[in-house]
Amino acid sequence: MTQNIDSVLQENRLFPPPADFASHASIDETKLQALYQQAEDDHEGFWAKLAHEELSWNRPFSKTLNSDNAPHYRWFEDGELNVSYNCVDRHLADKADKTAIIFEGEQGDTRHITYAELHREICRFANGLKREGVECGDRVVIYMPMVPEAIIAMQACARIGAIHSVVFGGFSAEALKDRIDDAGAKLLITADGGHRGGKLIELKAAADKALDSCGDSLRKVIVLKRSAHDVAMKAGRDIWWSDAIAGVSDECAPLSVNAEHPLFLLYTSGSTGKPKGIQHSSAGYLLGTVMTMKWVFDHRPDDIYWCTADVGWITGHSYVAYGPLAVGGTIMVYEGAPTVPDTGRFWKLCEAHKVTIFYTAPTAIRALMKSGDEVPSRYDLSSIRLLGTVGEPINPEAWMWYHEVIGKERCPIVDTWWQTETGANMIAPVPGVIATKPGSCTRPLPGMALDVVDTEGNSITTPDKGGLLVIRKPWPSMLRGIWGDKARYIETYWSMFNNRFYVAGDSARRDRDGYYWIMGRIDDVLNVSGHRLGTMEVESALVAHPAVVEAAVVGRPDDIKGEAIFAYVVLKGARPQGGVDEALTNELRNWVGEQIGAIAKPSEIRYADNLPKTRSGKIMRRLLRTIASGEAITQDTSTLENEAILLQLQGKE
Ligand code: PRX
């Protein structure tokens, strides 16, 4: 996802907040400056005040931040609350009949769920979980389509202190199995299927396959009936959702848990090894989502807020299942693909449900842009007042299209930089105040101490000079660790600068106005359609195929996906004639799809007799990246052990 630096370096258009938006925005220049000042003067006091004001506590905290065991920070550690109470119960007094969720299935079925109904469903399912033996601290894996029950399941876990780990429904049985085992999950929640892209996604079948080879932590499977097709149910293990809640009470008292109690794990890719179970807290995490709903999304009581992310990603946690509910909002949830029945579906949904805030990924914007201006022009998009993007850098061309064709130049665009690990938006414009620039996520939010440093850890003050993106001070919604691997937490995020600050793994630069521009990852992590994938994961999947000896995977810039996966493969047998074997290429692509999930399928596979290595045996990845992007080779290849294979790698032989 390396941007075309030349084009963004020349990007100097500035878009002040549209006057109409600014005049209604809840945060104006004075308020924003006051927030920055308070955070600057007293970082802990700033967050303590917000935590007291914005969250409902069962037991208020007296200590804001414990840094004794840094970088294992603890926030609000003697406080107690319940996240589900904060997201639902506290709105019942004045919003019981307000719609919490507007749902539309891919096939057009719709549901409106009020806060009172949501409360009842969460309570019932929480009681069902308890009846199946789930207790506080147990891990529950959720492998569901994008339907309200996925949110109900997450909230029900939060209600009883169970720790959920949502696995994206597009991941394969193999990926699901690894995550169940790593978390030591006791119970799995899935569905008989989900509708996406005009197809039935067979979640239960994948779950069965995963469970065949899982360890013995997993005892029960709750299955939601979502489709009309039959699935096998294993006696004693599998139970229908409707049976799980049959006869239980509509009331389930929210369990008061410690502020630091883990709310969830979410697995994300790293440059090496297996995916990491990123662990988040209860209070600090919730505070991050609540504040950003207000600062970045300018959330108001009458908003219809639609974040298109699946609950399988962090965005679907913070800006679907938690943040918008914690502020008493109405969210839109759509089950399917943006292209069903045609590329107007998102805009049709915005029109039909009067969406006011629309938050999606650059990859979706680019794909929809490709289908032309005519498609969105068929729909009335006048309800939209704010647009957002997340997941990867947005190229100025896509930004301008979003601004002009979707936002009609009336709507600010909030380009939000953050990560699974940060829990909430970190760098993003406060839309009524901060002027935006196409392709920049603008400035850090109040209380978020971002910086760009050189390899010595010194802040870079020269405009446009690239460096490492770091966070200098702990923040409440930060990750609390990697599940079961303390050493990896330190090593991945902190050790580079002796635990002094958090290293995000991105490179960035600041322009002369102090605006941040994200330039790409510093490690071997791919960003495909806004989702992180480790090159190692794809390589491991490839070499697990009996025909493959060695594989190297790199990213190649892609107009729509941001980055496409490009694999170089060395076979056990002879290299195919002319480097082409379509049948094997298809087989390997599907194989990777089965091992990880469809998003990990390489776009291109090139066969070579060898991989380019230095004399010390290191694969020359930079060289492979250059070749994959079709650029001329400028690297010095004289140290190459086997220079002759360059032609094969370039597909010229
Ligand atoms: O490289 C950055 C990119 O996505 C990474 C985080 O990926 P993930 O944990 O999957 O979370 C994605 C959704 C929060 C970052 O390290 N990234 C995220 N947002 C942006 C971005 N790059 C540029 N601009 C953004 N707005």
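Just so you know, my numbering puts the end of the sequence shown at 1804, numbered straight through with nothing missing.
Virtual Cβ for every residue (Gly too), placed ideally from N, Cα, C.
request  = Taking the CB atoms as reference points, tell me whether tryptophan 1626 and methionine 1599 lie closer together than 7 Å.
outcome  = yes
message = Let's see if you can read the secondary structure: which residues bound the beta strand (DSSP E) around lysine 1371?
response = 1371-1375
key: Closer than 6 Å: tryptophan 1392 CB and nearest ligand 1 heavy atom   = Annotation for tryptophan 1392 indicates a beta carbon at 6 Å or more from all heavy atoms of ligand 1.
task = Write down every uninterrupted run of the alpha helix (DSSP H) in the segment 1432-1514 whose length is 4 residues or greater and which is fully enclosed by it, in chain order.
result = Taking only runs of at least 4 residues, the alpha helix (DSSP H) segments lying wholly in the segment 1432-1514 are 1434-1446, 1474-1477, 1496-1504.
message = Suppose the cutoff is 8 Å on Cβ atoms and the five residues either side in sequence are ignored; what does the same chain contact list for arginine 1282 look like?
response = Same-chain partners within the cutoff: Ala1395, Val1399.
task = Locate the alpha helix (DSSP H) running through isoleucine 1352, then write down its first and last residues.
result = Isoleucine 1352 -> not in any alpha helix (DSSP H); beta strand (DSSP E) instead, spanning 1350-1352.
ask   = Quick one: complete beta strand (DSSP E) runs, 3+ long, within the segment 1711-1790?
value = 1713-1722, 1755-1758
request  = Please go through the same chain and pick out, in chain order, the residues whose beta-carbon is closer than 6 Å to the beta-carbon of isoleucine 1807, but skip the five residues on each side of it.
outcome  = This structure leaves residue 1807 out entirely; the chain is present only between 1152 and 1804.
task = With a cut-off of 8 Å on the beta carbons, I'd call valine 1721 and glutamate 1738 a contact; round off their distance for me.
result = At roughly 16 Å, the Cβ-Cβ gap does not stay under 8 Å, so valine 1721 and glutamate 1738 are not in contact.
inquiry  = Any heavy atom of ligand 2 inside 6 Å of the beta-carbon of tryptophan 1550?
reply    = Of the ligands this structure carries, namely ligand 1, none is ligand 2.
query = Any idea if glutamine 1154 is buried or exposed, counting beta-carbon neighbours within 10 angstroms, 16 or more meaning buried?
reply = Because glutamine 1154 carries a pLDDT of 47, less than 50, the predicted location of this residue cannot be relied on, and no value is offered for it.
ask   = When burial is assigned at 16 or more other CB atoms within 10 Å of the CB, is lysine 1752 buried or exposed?
value = Buried, since its Cβ has 16 or more Cβ neighbours within 10 Å.
key: Check: threonine 1443 C-beta below 6 Å from any heavy atom of ligand 1   = no
query = Rounded to a whole number of angstroms, what is the C-alpha to C-alpha distance between leucine 1362 and glycine 1284?
reply = 19 Å
Top-ranked residue by Cα proximity to asparagine 1576, from Ala1692, Leu1232, Pro1595, Val1478 = When each option's Cα is compared against that of asparagine 1576, the closest is Pro1595.
inquiry  = For alanine 1477 and tyrosine 1236, I'd like the C-alpha separation in whole angstroms.
reply    = When rounded, the distance between both Cα atoms is 9 Å.
query = How big is the Cα-Cα spacing for isoleucine 1784 and arginine 1766?
reply = 19 Å
message = Within a Cβ cutoff of 6 Å, which residues of the same chain sit near methionine 1152, ignoring the five residues on either side of it in sequence?
response = Only weak support exists for where methionine 1152 lies, its pLDDT of 40 falling under 50; the coordinates are left without a value.
task = May I ask you to check if the CB of proline 1544 is nearer than 6 Å to at least one heavy atom of ligand 1?
result = yes
message = Using a Cβ-Cβ cutoff of less than 8 Å, which residues in the same chain neighbour aspartate 1332 once the five nearest sequence positions on both sides are dropped?
response = These residues qualify, in order along the chain: Cys1365, Gly1366, Ser1368.
query = Three-state secondary structure (DSSP) at glutamine 1258?
reply = In this structure, glutamine 1258 counts as coil in the three-state DSSP scheme.
query = Exposed or buried, what is glutamate 1794 when buried is set at 16 or more other beta-carbons lying within 10 Å of its beta-carbon?
reply = exposed
task = Using only alpha-carbon positions, find the residue among Pro1513, Ile1669, Pro1475 that is nearest to aspartate 1709.
result = Considering only alpha carbons, the answer is Pro1513.
message = Can you tell me whether valine 1676 is buried or exposed? The criterion is at least 16 other CB atoms within 10 Å of its CB, across all chains shown.
response = Around the beta carbon of valine 1676, 16 or more other beta carbons lie within 10 angstroms, which makes this residue buried.
key: Cα-Cα separation, lysine 1200 to glutamate 1502   = Looking at the two C-alpha atoms, the distance is approximately 39 Å.
task = Work out the CA separation of alanine 1356 and serine 1320 for me, nearest whole Å.
result = Correcting the residue identity first, residue 1320 is glycine in this sequence and not serine. Those two C-alpha atoms are separated by around 12 Å.
ask   = In chain order, which continuous runs of the beta strand (DSSP E) of length 3 or greater are located wholly inside the segment 1229-1285?
value = 1250-1255, 1261-1265
Runs of alpha helix (DSSP H) wholly within the segment 1568-1656 (minimum 4 residues, chain order) = 1637-1644
Proximity test, isoleucine 1669 beta-carbon vs ligand 1 heavy atom, cut-off 6 Å = Flag set: Cβ of isoleucine 1669 near ligand 1.
ask   = So is the beta-carbon of glutamine 1570 under 6 Å away from any non-hydrogen atom of ligand 1?
value = yes
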